Amino acid sequence: CGGVLCVFFGLRTGCGVRLSRVGSEMCIGGGLIAACQKGLTDIARLLCERGAAIDQAASNGATPLYAACLLGHADTALLLCERGAATDKALTAARSFGHAGCVRVLEAAAAAKAEKDKAVLAKRNHQGSVISHMVIHVT
C-alpha cells in the first residue's frame, strides 16, 4: 500500500472509508491525518467528501487539523476549517512552530465562528422577545 495513494485509489474504486492497517500506515481509516500531514489537500477533500471524521484524533491525540498546522500546510488547514474542524490545539501548534499562514487561517476561522455564534444568539434572543411579546398580547 502506498499510504495516501492507497486512500485515493481505494476511494476511487468504491472502497469504504475505513480499511485496515497495511504496513506501518493506515489506508483510509487514518488517511485523513496522513493526507493532512503531507499537505495533500485534494486527497483530504476527497476523504472529507466521503465522510471521514474531521475531528477524529489519532492515538497520540493529533487531529487532522493539528497535523496540517504542525507542518505548516495552510491550504489543508483552510479546507478543514471550512468544514468546521475544531481549531484550539491546532492554533497552539501553528503558533509554536511559527507557521504564520496557518495561524492566519485559524484566527480567521475562529473569528468567523464567533460571529456566527453571535448571530445565532441574537436570533434566539429576538425570537424569544417576539414570542414573549405575542404571549403578552394573547393573554
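Heads up, the final residue of the sequence shown is numbered 1077 in our numbering, and it's a clean run with no missing numbers. Where a beta carbon is used, it is the ideal one built from N, C-alpha and C, also for glycine. Values in this document were obtained by computation on a predicted structure and should not be read as measured data.
Leu1009 versus Ser997, Lys976, Gly968 and Gln994, residue with shortest Cα-Cα distance: Lys976
Beta-carbon separation of Ala1023 and Asp993 under 7 Å? yes
Leu1059, buried or exposed, once every other Cβ within 10 Å from all chains shown has been counted against 16: exposed
Report all residues from its chain with a CB closer than 8 Å to the CB of Arg1033; omit the five preceding and five following residues, and keep chain order. Val1041
Using CA atoms only, rank isn't needed, just tell me which of Glu987, Ala1050, Gly989 and His1037 is closest to Ala1005. His1037
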